[in-house]
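Counting from 1, position 16 in the sequence shown corresponds to residue 15 in numbering that gives the first Met the number 0; the numbering is continuous, with no gaps.
Backbone N, C-alpha and C fix where the C-beta goes; we use that ideal spot for every residue, glycine too.
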Amino acid sequence: MKKLLTILTLTFLFISCDEGKKENDYILPTASGNTNEILVVMKTLQWEGKPGDEIRTVFGEHQVGLPQPETLLSVTQIDPSGYKNFMRNLKAILIVTTGEKEEISVTRNKYAEPQIIVTATAKDEDGLINLIKNRGKEIIKLFKDEDIAFIQQIFKREALDESSLKTLKNLGISLTIPKRFNVVDDKGDFLWLRQHLKSGIARGDGTNNILVYSVPLEDESTVEDNITAIRDTIGKKHIPGSKEGMYMITEAAYTPFTYPTEIDGKKAYETRGKWEVKNDFMAGPFINYTVIDKANNRLIVVEGFTYAPSVNKRDFIFELEAIGKSLKIK
C-alpha cells in the first residue's frame, strides 16, 4: 500500500509539473555559426537572379577602415527545401520570401539560442529587390547588434577585474574587457591593454590593443574635427615605436571615416581608419569611440587597434567594437 501511494504521489507530481510547463520552457540547443556570418534562405533561382545580386551588393559592401577588402557580413545561401534539421540552428538567418505584405519581421531563439531570424517579405521579385535596396542597412544593423550583444555576454563571463585598473577607477568608468588582455601601461589617466593573438598567420606577432583616456571638453562643435589630432597627440606621447622618433599616428594616406553614434546614452562619434608607426612599416586598422561627457566637461576616448599582418582583420576589430560599446560612465 505504501508503495502504491508513493507511485501515485510521484505520478501526480510529474503530471502537475508537466501541465505547469510552458511551451517556451523547452531547452533550446546552442546556436552554431560565427559572428558576422548569416545564412540566406531563398529560392536558388532568385539567388542566382536579380534579388540575389541585390543581396550580394548590399551585404557585400566593404567594411571601412580595413587594409584589405572585407565585406560587412559573410553570406551563404540555401534553398528553402534544404532549410531543415541542423541548418535551422544557425545563429543568424535571413529568410527572403514572397507574401501580400511588404515587411521585415524579427524572431529570436526559435530553433536555437542565441538566434536571430530576420524575414524579408515582398509581393514579387521587384518588391524583394526594392526591399533589400531600401532596408538592407537596417537588416545588417539587426544582425550586427545581435552579434555585439552576443560577444559582450561572452566577455562578461571572462571579464577582467576592473578594480585592478587605476585609469578606469580614476575616470569613473567601466568596460567589459576579457581576461586575455594584459596591461601594457596604466598611468591613472591613460590605459593600454594588449591581447596577443593565438591563431592564424598573425600568431606570435599579432595583437589586439585597447586604449582608454580622457581629454577636456572645450568646444562641442569641434569634437568631430579634432578626433584625429587628439589620437595623434596621444600616440606620440604614449605609443612608441621600436626606435627613437617612432610612434603611432593616423595613416596620412587614408582619411578616417567618422559617424555620429550613442554610447551609454550619450552623444558620441565612431571613427574607423588606419594607423601606422611614424618612420616605420608597422600599420593596421583602428576603431575609436569619442564620448561627450558633458556632466564632467570631458571627452572619454576608448580606442581599439589591431596589428595582424597578412590576415583578415574584420573580426578582430569587431571584438574591439564590442568592448568600446560596453562603456559605462558611473
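Give the straight-line distance between the Cα atoms of A251 and M86, rounded to the nearest whole angstrom.
Computed Cα separation, rounded: 45 Å.
Using DSSP with H/G/I as helix, E/B as strand and the rest coil, what is H237?
Correct three-state label for H237: helix.
Going straight from the alpha carbon of K186 to that of I116, what length do you get?
Taking the straight line joining both Cα atoms gives about 45 Å.
Decide yes or no for the touch test of the segment 69-77 against the segment 35-43: beta carbon pairs closer than 8 Å, at least 3 of them.
Yes, the segment 69-77 touches the segment 35-43.
Would DSSP call F180 helix, strand or coil?
Coil.
Could you name the residues of the same chain whose beta carbon sits closer than 7 Å to that of T249, not counting the 5 residues immediately before and after it, in chain order?
Closer than 7 Å at the Cβ level, and outside the excluded window around T249, lie T227, R230, D231, P255, G272 and W274.
Of the residues T56, G48, K324 and Q194, which one's Cα is nearest the Cα of N208?
The shortest Cα separation from N208 among T56, G48, K324 and Q194 belongs to Q194.
Per DSSP, L298 forms a beta bridge with which residues?
Bridge partners of L298: V214 and I291.
What are the uninterrupted segments assigned as alpha helix (DSSP H) that are 4 or more residues long and contained completely in the segment 49-126, given in chain order?
With a minimum length of 4 residues, the continuous alpha helix (DSSP H) runs that stay inside the segment 49-126 are 49-58.
What whole-angstrom Cβ distance do V290 and I316 have, given they're in contact under 8 Å?
18 Å between Cβ atoms; not a contact.
Quick check: L27 and E101, are their CB atoms within less than 8 Å of each other?
Going by C-beta atoms, L27 is not nearer than 8 Å to E101.
Beta carbon of M247, beta carbon of V222: below 8 Å?
No, Cβ-Cβ distance for M247 and V222 is not below 8 Å.
What does W334 pair with, by DSSP beta-bridge criteria?
Because the chain is modelled from 0 through 329, residue 334 falls outside the range shown and cannot be assessed.
Taking the beta carbon of F142 as the centre, do at least 16 other beta carbons fall within 10 Å, making it buried, or is it exposed?
Buried, since its Cβ has 16 or more Cβ neighbours within 10 Å.
For K140 and E243, what's the separation of their Cα atoms in angstroms?
Each residue's Cα considered, the two are about 43 Å apart.
Could you tell me the alpha carbon to alpha carbon distance between V183 and G234, rounded to whole angstroms?
C-alpha separation (whole angstroms): 14 Å.
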